[in-house]
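Written out below as structure tokens is the structure these notes cover.
In the numbering used here, the protein residues as written are 30 to 207.
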């Protein structure tokens, strides 16, 4: 358990948490991205939150995966990986903010800002130079938030998921110097 502040706590995700993780992400992800997918996002949820994928992600030492609890309620997830550089471009000595999803009901409470600050502290404590992430172009509010947090555009590319609608496949790699 990691206490970020009196209202915000991170709980490490374990393999036995997979059903809870899947259910939470079915609610959180599908409320934010249902119109991006030909199947409402079911394929993507299975890809990312299946027992098999969770086992793979938890098996590596670079992966750090948490449930986010706010005021005693489980409201999302946070995952970061380090050291890790993207394959499409080099960002050396970096930490990847891999997943940050929060229920829409808690948007606007400063939770994401506190979580970014937590990841920055992890990066500093591990003498890393950058934080990087990937953000969907068709989610402009996320891009604006990350820019406000000091992230800058690095590269744009297209995701090749066949069930992802062609008009929303654009994704940006963004980074922030620590």
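Built from N, CA and C at the ideal position, the CB exists for glycine as well.
Taking residue 195 as the reference, which of 202, 165 and 147 has the closest Cα? 165
Please state whether DSSP places residue 92 in a helix, a strand or coil. strand
Could you tell me the alpha carbon to alpha carbon distance between residue 171 and residue 148, rounded to whole angstroms? 17 Å
Just to confirm, are residue 125 and residue 161 a CB contact at a threshold of 7 Å? yes
Nearest candidate by alpha-carbon position, reference residue 186, set 199, 192 and 180: 199
Just grab the DSSP bridge partners of residue 41 for me. 95
Hey, out of 175, 35, 177 and 179, whose CA is closest to residue 101's CA? 35
Counted within 10 angstroms of its Cβ, other Cβ atoms place residue 40 as buried (16 or more) or exposed: exposed
For the beta strand (DSSP E) that residue 175 lies in, which residues bound it at each end? No beta strand (DSSP E) holds residue 175; the alpha helix (DSSP H) holding it covers 169 to 177.
Look up residue 159 in the DSSP assignment and say whether it is helix, strand or coil. strand
Give the C-beta separation of residue 33 and residue 143 to the nearest angstrom, bearing in mind that I take them to be a contact with Cβ-Cβ under 8 Å. 5 Å
Is residue 184 closer than 7 Å to residue 118 when the C-beta atoms are compared? yes
Grab me the residues of residue 51's own chain with a C-beta within less than 6 Å of its C-beta, minus the 5 sequence neighbours each way, in chain order. 78
Between which two residues does the beta strand (DSSP E) containing residue 197 stretch? Element bounds for residue 197: n/a, residue is neither H nor E.
Those residues which DSSP pairs with residue 70 across a bridge: According to DSSP, which records beta bridges pairwise, residue 70 is partnered with nothing at all.
Beta-carbon proximity check, residue 123 vs residue 87, cutoff 7 Å: no
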